Amino acid sequence: MKVSEALKSLFRPVSVGREQAMVVSERIVSIATTISSLEYLVQHRHMDPGGLNDWDSIKKAREIDNRVLRSVVSRLSGKRISLGVHAGRLAASAGLLVLPSSWSTARGVLNLYNAVSSALLTPRHRFGTDGSDQVGNLVQTFNGLARLSASPRSKDTFLWGLALQTGMAYGLSGWVKMAGPLWRDGSALSGIMRTKTYGSEPFFRWTQNSPKLARTVTQAALAFESLFPLVFLARGRLTKSFLLTGLGFHAVNAVLMGLGRFLLAFPAMYPALAYVTVPKDHPIGRERDDSVLPLLGLGAVAVGVYAWLVKTNRRKIVLEGWPHTLSMTTRRGNEYRYEWGGPRGDDSEPVYLFTPAMAATAEHFAWITESLAYNHGKRVVMASRPGYAASLRHATDEFTLDEALDDLEDLVAETVAPDQQVVLIGHSLGGELVRRLALRLGASKVQAVVYLDPTHPAELHRSEQQREGAEKMTDSLEQMVRYLRWGTGFLMKRPQWVDSFPHNYRERHMAHFADSRLWEAALREWNAVYEEMLAFAGPLQVPDVPALLIAADDTLNSFPEQGELYAEMVPGSEIEARQDRQYRILPHANHDSMLSDSKVAEQVVGHLTAFVREQNRAEVVAS
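Its first residue numbered 1, the sequence shown is counted upward by one per residue in the UniProt record's numbering.
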């Protein structure tokens, strides 16, 4: 009988009223805020010069684009001021713990102080914040606004907002994980448990010894998160069971992963959820105002329409190309769109043809091509491979790198006169493609090949670090394709590198980045590249043409094996007498900044033009 009563109780609504929901929520999140600020106060040495959170170093990242907001954050980021703000947060949290619930205005102000101060301090504490801080901000913001609202309707509106945030936090997390095969098959759990930051060695060993049980545990957690939004449809019958499961979920995470503050931050949202899921025929439910729900429905429709408009507009930008874009059809039936730059008419001068990386377009070479064309008077061809940007892939066979090489060979035939030579320049995967293309075309057609931090086909065999990264690449690309197809591109934050390119390229860069076509093409190429790299047995074939390899020092520092691999691509470069094989390293540069940073890109141009000039001089002397 007791068991039966317990089960019945489990499926009864949680009788939490409006005032009780706010008070309980405020007190729980105040404890989390107290712990957070105490951690920063105890570890204040991290704010000293040279520390993890030294503001003089952190502010260089410029994560805040708004200048006014950046100025406010900077003023608050002195160590003494930061410590004072944290002391204020402790006082505000203490007030929320002890002040009577009738002091609604005071409690609202204290909530908002904690929320705003946390948001302003987040950039200052770049190392140390986590998702619990963001959840705490949400709880304090919604509770603060509810407290300062005059009418019950407004208060219920904000409590509904907090409750819906709870459903989205769990539901979206579950569905995002569900999309990844590593979560579905349970291997993601063991991967997390083996890390130093969030792992547990005993639990990792358990996942290895009991893989089927570990998979069951993982899938149960996914089911809990994915199905969490059902609480809104069950008239309160599922609320208690899901909230108890959530407490257990966070308790386990706190023990195994050290996420102790999550055990307070997420449950601080539960009272609002319990309040809004009480059925309308319950005395509490009859007093609750749900008139915001139709408005939220209209808002959801409006967001969907907005997402579709943004997606459609970006696709239009991607496909329309530049005003001077030309087109050609390759033997594979693919349509190459390309642009010319610089002077035309002198066939004695070579054409500089640029081949971009995977998940990149010709626009990534903007600083280099603009400088070559307009500062150095070189003839350049900029083209994105079919499937990227405005170039269209019509081939129906499974993609291989031979298809890409056929297309590139046809592009050379279209843009380079029969008695004219070409300088092939490729970045990352583009470097591997121009190496193979130079082997096809031979020395009579290729004046030089220039590798910019190129891909080497033996990378996965020589570098354990790159092999581990490659194993996760397919899943990452598949998720990008899936989410962008759903129209979520309007949510993507504009990356800093977009604004590092010339002004007239930025909108197009963002359109490409947030469009599923780029990631679909990248996934297609990656599947082919990954298969070929795993099968590569060597030796590396090097075209018998002058070759220059330009590497970023960050790449060499991050992947120690890369230096040896690069040396194989320009054999003889260590011998000064071999001027047709050169190897240059860009200081203070990484794989991307060698293109996106105007100053580093100009160094690339300097090395490139000097190298070609030396080869021309050598040819004159030889003749």
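A virtual CB, placed ideally from N, CA and C, is assigned to each residue, including glycine. Note that the coordinates shown come from a computational prediction; the quantities given were computed from them, not determined experimentally.
Where residue i falls, given that 16 or more other Cβ within 10 Å makes a residue buried
i	result
LEU10	exposed
ILE58	buried
GLY489	buried
LEU295	exposed
TYR388	buried
MET1	Confidence is the limiting factor: at MET1 the pLDDT is only 48, short of 50, which leaves the residue's position unreliable and the question unanswerable from this model.
SER210	exposed
MET168	exposed
GLY538	exposed
TYR306	exposed
VAL450	buried
GLU459	buried
SER444	exposed
ARG524	buried
ASP397	exposed
TRP308	exposed
Distance, residue j Cα to residue i Cα
i	j	result
THR330	VAL303	41 Å
LEU293	VAL16	20 Å
HIS503	SER596	12 Å
TRP497	SER101	48 Å
ASN114	PRO202	38 Å
ARG462	LEU540	13 Å
residue 624	ALA254	The chain is shown from 1 up to 623; residue 624 falls before or after that span and cannot be answered.
GLN562	ALA251	43 Å
ARG12	LYS240	7 Å
GLY51	GLY95	32 Å
GLY297	LEU230	17 Å
SER190	ALA220	15 Å
PHE142	GLN466	44 Å
GLY163	ASP130	Reading off the sequence, residue 163 comes out as Ala, not Gly. Straight-line Cα distance between these residues: approximately 21 Å.
MET358	THR157	46 Å
VAL14	LEU247	15 Å
LEU263	VAL24	15 Å
ALA92	VAL135	18 Å
GLU464	ARG385	30 Å
SER104	ASN53	36 Å
VAL85	SER154	30 Å
ASN334	ALA366	24 Å
THR195	ALA188	11 Å
Residue i in three-state terms, based on DSSP
i	result
VAL380	strand
GLY180	coil
VAL450	strand
ARG517	helix
ARG331	coil
ALA567	helix
THR361	coil
TRP55	helix
GLU339	strand
ALA552	strand
ARG584	strand
THR122	coil
HIS427	strand
THR396	coil
VAL612	helix
THR415	helix
LEU353	strand
VAL422	strand
Residue i vs residue j beta-carbon contact at 8 Å
i	j	result
SER82	LEU121	yes
ALA438	GLN615	no
PRO454	GLY431	yes
GLY171	SER226	yes
ASP346	ALA417	no
ILE425	LEU491	no
residue 630	ALA214	Outside the displayed span of the chain (1 to 623) sits residue 630, for which this structure offers no information.
GLY572	ARG581	yes
ALA383	GLU320	no
ARG379	PRO343	yes
residue 636	ARG435	Outside the modelled stretch of the chain, which goes from 1 to 623, sits residue 636, for which no answer is possible.
Whole-Å CB distance - residue i paired with residue j, under 8 Å assumed
i	j	result
LEU97	SER30	5 Å
ALA528	LEU372	Their Cβ separation, rounded to whole angstroms, is 30 Å, which puts ALA528 and LEU372 out of contact at 8 Å.
THR474	TRP526	7 Å
ASP406	TYR336	Rounded, the Cβ-Cβ distance is 11 Å, inconsistent with contact.
PRO279	GLY236	5 Å
Any non-hydrogen atom of the ligand COA within 7 Å of residue i CB
i	result
ASP453	Ligands displayed in this structure: none; no statement on the ligand COA is therefore possible.
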